[in-house]
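Colleague: Chains as they are written, first to last, in the numbering used here: chain A, 49 to 811; chain B, 99 to 264. The beta carbon of each residue, even a glycine, is placed where N, CA and C say it ideally should be. None of these values were measured; they are calculated from a predicted model. Let me give you the structure first, and then I'll get to my questions.
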């Protein structure tokens with residue numbers, strides 16, 4: 049067990065993979081010198097502002113833009129009447145419908161808050177002022193406000209997502225002990241601190257877009273296809289991203305609007321999506337309902353799980369939030385049934401938000417397991433260990449690595465779980481009811497190919513170059529460590545260049561797949577670069593090593609020398625000087641040998657076509673965690689505070705524990721928000737998102753967060769990734785909300801089955 | 099409303115002249131007119147704290163402050179707290195050491211709040227730090243490390259003051 053203690057001072061080993069190197073790009077961020085998308089200075093910049101719909105469904109009859117066009121500083125007003133000449137782009141998997149026009153400012157309104165008009169002016173202030181003068185006349189149509197609207201109905205069953213084995217209904221009916229309950233989660237939002245937006249500039253047919261991006265290559269493809277230009281003519285620049293959490297993975301309609309405006313005006317355009325507009329410009333996590341029935345023996349041996357889930361989607365796309373994602377893999381169960389529905393409502397299509405699917409899914413199953421433990425009068429920890437899954441019952445495959453048992457036992461020891469009195473309302477401190485709860489989480493290992501370039505320069509610098517991005521996960525840092533270790537140079541020599549679609553392509557920073565993928569590519573490239581350096585030293589006529597008779601050479605701490613220690617030893621810089629080279633440049637990728645054509649490579653970096661799920665190999669690969677929570681509930685007021693947490697994780701090998709701890713804690717804190725604060729509210733009259741700002745949509749503040757101890761129990765998993773890590777970014781949030789809900793039940797005896805757990809539900 | 103006014107603003111010890119509309123906020127004056135983009139816009143409505151600057155040494159939300167309001171006052175931004183030779187402020191060093199940020203977008207505001215929080219004498223305990231740092235949202239969830247950084251920096255600055263007094 050490794051308890052991750054913060055350390056005051058670093059050591060030389062910090063520069064190696066697994067070291068606690070401080071954030072590589074950190075100094076730029078703490079001095080204000082990290083430049084984000086809307087901060088690039090451009091000459092002759094115009095400013096665009098969006099006007100969004102105020103009805104939930106219907107048709108734009110007319111737009112009166114005369115007053116706006118006449119307002120001071122206004123350059124252009126774009127309305128649904130303007131034919132922008134765009135075509136629909138490919139989906140995430142690279143599939144594209146032919147000859148489908150794309151209207152980013154649509155005539156048909158599908159949800160309240162859909163962008164309808166854009167006003168572009170010399171200054172942002174002028175654009176905002178003029179936008180207030182726009183008058184839109186609508187023909188309203190009936191709308192469905194949310195999935196609780198009586199008009200919403202039951203939605204559509206997605207057959208492809210049904211999972212069945214054994215005979216769950218029969219086994220459930222035959223079980224001695226049964227529980228059944230419905231669990232609900234509301235709409236939740238990413239609320240990255242950097243609002244969305246972009247700056248777009250055309251130079252002839254070449255387009256540059258400065259936009260926060262979790263996937264520069266994928267977004268470049270979308271812009272190229274929308275505007276009918278070559279992929280090579282689009283450049284997405286995104287070296288710093290002010291948080292994404294799933295929201296910045298793809299180009300969005302407002303991006304097309306800004307780029308079209310820049311084209312029409314022949315000058316660069318900046319479009320800043322306002323904080324309220326962020327709530328409807330892209331989808332957050334869908335609201336969900338799920339019913340779970342569990343059957344067990346009197347001894348607590350699980351016999352059956354029956355799961356029926358539903359989530360909101362839009363009227364124009366089926367996007368399931370997979371409430372059955374964690375249900376089948378957490379426990380040993382011989383009889384299982386899960387069905388998934390989507391319920392179309394008049395809202396923007398939901399999207400992926402940290403731990404998509406797994407997160408609400410774990411809220412359901414981990415709450416239900418706690419309910420079963422209570423019914424059995426059993427310690428919920430004991431119940432979980434008793435039903436520990438020895439393999440993946442869904443795929444039938446063995447786990448690659450699964451140290452959830454260690455997470456449970458070592459987490460419980462660190463928390464002091466053994467001191468728990470299992471009866472609800474049995475622990476208190478004056479007016480505070482104390483509750484201890486437990487919840488497990490999981491997230492799949494998703495793999496994808498990536499590429500990278502390494503340049504060893506005569507100046508002595510080593511550049512690691514990739515189109516991969518860093519939105520705070522630590523990509524800069526772990527790539528510097530990976531390259532320094534594999535190449536044999538000091539971390540101080542390394543520069544990392546990221547976040548540009550003109551650089552070698554990589555996996556998306558999503559699905560917790562980037563770190564494992566891009567470290568593999570950089571490791572491969574760095575090894576190849578080292579071999580090339582050694583080859584150069586042994587073979588170049590001007591190399592001092594040529595006549596040493598050595599078969600190979602070692603590169604260590606930036607010096608190349610003969611392994612025996614006899615003979616010359618010099619810096620890489622001196623070697624390049626000696627052989628008359630300015631630089632040595634090596635590019636490698638992790639695509640299979642039979643997929644190395646230009647088309648293969650382009651498709652690999654711009655689509656999800658080569659992404660591999662957790663059971664596509666011989667084993668089932670996942671990250672795991674167990675969260676132990678203490679809450680204090682005010683007996684009179686029903687206010688809940690998380691007072692203490694211990695979370696134990698199996699994420700395989702950690703490339704940089706300092707970065708990983710931050711990721712885990714960040715996920716956990718978002719989970720605390722989900723459990724106690726976060727809830728998108730919809731006005732049933734007009735389907736408007738009412739609390740579309742961070743004063744009303746509450747995210748955790750500093751004072752909401754207690755000390756959180758994080759523990760690593762993982763071992764390297766070389767099936768999961770080249771360097772042995774499993775995903776860390778998303779698993780942290782998964783299981784937090786049920787752990788808190790279970791703690792609240794333990795404190796109060798009240799089971800809250802719809803998030804967030806607010807005081808009125810406990811009164 | 100195209101009328102502009104001339105302002106001479108004292109920012110980080112230097113005078114910056116600019117001609118802007120009277121409605122331009124301090125935040126937009128910094129970011130759009132003076133190329134001081136270290137101060138961040140997270141909500142533009144006074145809810146998130148990302149735009150925190152100091153005016154006459156006190157923290158203010160620059161998105162809710164008009165540029166015209168700060169003429170004749172001393173404005174300090176994230177670009178102005180390191181030493182002239184680039185030596186990082188104690189609080190900046192502590193943020194790096196404790197990994198008190200991830201994406202970095204709320205970070206300048208957090209650091210400006212932290213500097214003021216310590217100066218105000220509100221870094222006496224972890225609970226007090228949490229309370230007085232709660233006007234600055236961090237969606238990456240770096241709060242625990244932020245508290246550790248402020249605690250550490252307060253101790254360093256306190257020790258420095260004692261040494262100076264002695």
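Run through chain B and tell me which residues come within less than 8 Å of residue 739 of chain A, C-beta to C-beta.
Modeller: The premise fails here: residue 739 of chain A is roughly 11 Å from chain B at the closest Cβ pair, so nothing lies under 8 Å.
Colleague: With a threshold of 8 Å between beta-carbons, can residue 78 of chain A be considered close to chain B, or not?
Modeller: Yes, residue 78 of chain A lies at the interface with chain B (some Cβ there is under 8 Å from its Cβ).
Colleague: Candidates A:601, A:256, A:487, A:209: which alpha carbon is nearest residue 672 of chain A's?
Modeller: Minimum Cα distance to residue 672 of chain A is reached at A:487.
Colleague: Is the CB of residue 126 of chain B under 8 Å away from at least one CB in chain A?
Modeller: True, the Cβ-Cβ gap to chain A drops below 8 Å.
Colleague: By the 8 Å beta-carbon criterion, what residues does the segment 112–124 of chain B contribute toward chain A?
Modeller: Against chain A - using a Cβ distance shorter than 8 Å - the residues of the segment 112–124 of chain B are 119, 121, 122.
Colleague: Using a Cβ-Cβ cut-off of 8 Å, state whether residue 742 of chain A counts as contacting chain B.
Modeller: Residue 742 of chain A counts as touching chain B.
Colleague: Buried or exposed: where does residue 124 of chain A fall if 16 or more other Cβ atoms within 10 Å of its Cβ makes it buried?
Modeller: The residue is buried, with at least 16 neighbouring Cβ atoms inside 10 Å.
Colleague: Could you give the distance in angstroms between the alpha-carbon of residue 205 of chain A and the alpha-carbon of residue 82 of chain A?
Modeller: If I take the Cα positions, the gap works out to 47 Å.
Colleague: Grab me the residues of residue 767 of chain A's own chain with a C-beta within less than 7 Å of its C-beta, minus the 5 sequence neighbours each way, in chain order.
Modeller: The residues are 448, 665, 667, 669.
Colleague: So residue 431 of chain A packs on residue 416 of chain A, CB below 8 Å; how close in whole Å?
Modeller: With 8 Å as the limit, residue 431 of chain A and residue 416 of chain A do not qualify as a contact, their Cβ atoms being about 11 Å apart.
Colleague: If you measure beta-carbon to beta-carbon, which residues of the segment 706–722 of chain A are closer than 8 Å to chain B?
Modeller: Cβ contacts with chain B come from 706, 707, 709, 710, 711, 713, 714, 715, 716, 717, 718.
Colleague: According to DSSP, is residue 816 of chain A part of a helix, a strand, or is it coil?
Modeller: In the structure as shown, chain A starts at 49 and stops at 811, and residue 816 of chain A therefore has no counterpart that could be examined.
Colleague: Please list, in chain order, the chain A residues whose beta carbon lies closer than 7 Å to that of residue 205 of chain B.
Modeller: Those are 77, 78, listed as they occur along chain A.
Colleague: List, in order along the chain, the chain A residues whose C-beta lies closer than 8 Å to that of residue 245 of chain B?
Modeller: What residue 245 of chain B touches in chain A: 750.
Colleague: Do the CB positions of residue 491 of chain A and residue 778 of chain A come within less than 8 Å of each other?
Modeller: Contact flag set, yes.
Colleague: Can you tell which of A:523, A:361, A:269, A:214 has its C-alpha closest to the C-alpha of residue 651 of chain A?
Modeller: With distances taken between Cα atoms, residue 651 of chain A lies closest to A:269.
Colleague: Just the chain B side, please: which residues come within less than 7 Å of residue 288 of chain A by C-beta, in chain order?
Modeller: Neighbours of residue 288 of chain A on chain B, chain order: 202.
Colleague: Looking at C-alpha atoms only, which residue of A:190, A:67, A:242, A:122 is the closest neighbour of residue 519 of chain A?
Modeller: Answer by Cα proximity: A:242.
Colleague: Alpha carbon to alpha carbon, what distance is there between residue 568 of chain A and residue 772 of chain A?
Modeller: Each residue's Cα considered, the two are about 10 Å apart.
Colleague: At which residue ranges does the segment 621–687 of chain A contain complete alpha helix (DSSP H) runs of 4 or more residues, listed in the order of the chain?
Modeller: Entirely contained in the segment 621–687 of chain A, the alpha helix (DSSP H) runs reaching 4 residues are, in chain order, 646–654.
Colleague: Please identify, using Cβ separations under 7 Å, the residues of the segment 90–113 of chain A that lie next to chain B, in order along the chain.
Modeller: Flagged: no residues at all.
Colleague: Should residue 132 of chain A be labelled buried (16 or more other beta-carbon atoms within 10 Å of its own) or exposed?
Modeller: Classification of residue 132 of chain A: buried, given that the 10 Å Cβ count is 16 or more.
Colleague: So if DSSP puts residue 489 of chain A in a beta bridge, which residue, or which two residues, is it bridged to?
Modeller: Answer by DSSP bridge pairing, in chain order: A:673.
Colleague: Could you check if residue 398 of chain A is buried or exposed, using at least 16 other CB atoms within 10 Å of its CB as the buried criterion?
Modeller: Under this definition residue 398 of chain A is a buried residue.
Colleague: Do residue 678 of chain A and the ligand GTP come close, with the Cβ less than 7 Å from some heavy atom?
Modeller: The ligand GTP is absent from the structure shown, which contains no ligands of any kind.
Colleague: Going by alpha carbons, who is nearest to residue 585 of chain A out of A:529, A:621, A:362, A:485?
Modeller: Measuring from the Cα of residue 585 of chain A, the nearest candidate turns out to be A:621.
Colleague: Residues of chain A with CB closer than 7 Å to the CB of residue 215 of chain B, please, in chain order.
Modeller: In chain order: nothing, as chain A lies at least about 10 Å away.
Colleague: If we call anything under 8 Å between Cβ atoms a contact, is residue 479 of chain A one with residue 684 of chain A?
Modeller: Result yes, Cβ atoms of residue 479 of chain A and residue 684 of chain A sit closer than 8 Å.
Colleague: What does residue 219 of chain B reach in chain A if we use C-beta pairs closer than 7 Å?
Modeller: Within 7 Å Cβ-Cβ: nothing; residue 219 of chain B doesn't reach chain A, min ~18 Å.
Colleague: Once you ignore the five residues that flank residue 719 of chain A on each side, which residues in its own chain have a CB closer than 6 Å to its CB?
Modeller: 781, 784, 785, listed in sequence order.
Colleague: Could you pull the start and end residues of the alpha helix (DSSP H) that residue 569 of chain A belongs to?
Modeller: Here the alpha helix (DSSP H) through residue 569 of chain A covers 562–587.
Colleague: Assign residue 156 of chain A to buried or exposed, taking buried as 16 or more other Cβ atoms, counted over all protein chains shown, within 10 Å of its Cβ.
Modeller: That one is exposed.
Colleague: List in chain order: all unbroken beta strand (DSSP E) runs of 3+ residues lying wholly within the segment 205–252 of chain A.
Modeller: Listed in chain order, the complete beta strand (DSSP E) runs (minimum 3 residues) inside the segment 205–252 of chain A are 211–213, 225–233, 245–251.
Colleague: Comparing C-alpha positions only, which one of A:160, A:275, A:598, A:263 sits nearest to residue 136 of chain A?
Modeller: Of A:160, A:275, A:598, A:263, the residue nearest in Cα terms is A:275.
Colleague: For the segment 173–189 of chain B, enumerate the residues whose C-beta is nearer than 8 Å to any C-beta of chain A, in chain order.
Modeller: Residues passing the 8 Å Cβ filter: 175, 176, 177, 180, 186.
Colleague: Helix, strand or coil: which one does DSSP assign to residue 540 of chain A?
Modeller: In the structure shown, residue 540 of chain A sits in a helix (DSSP, three-state: H, G or I).
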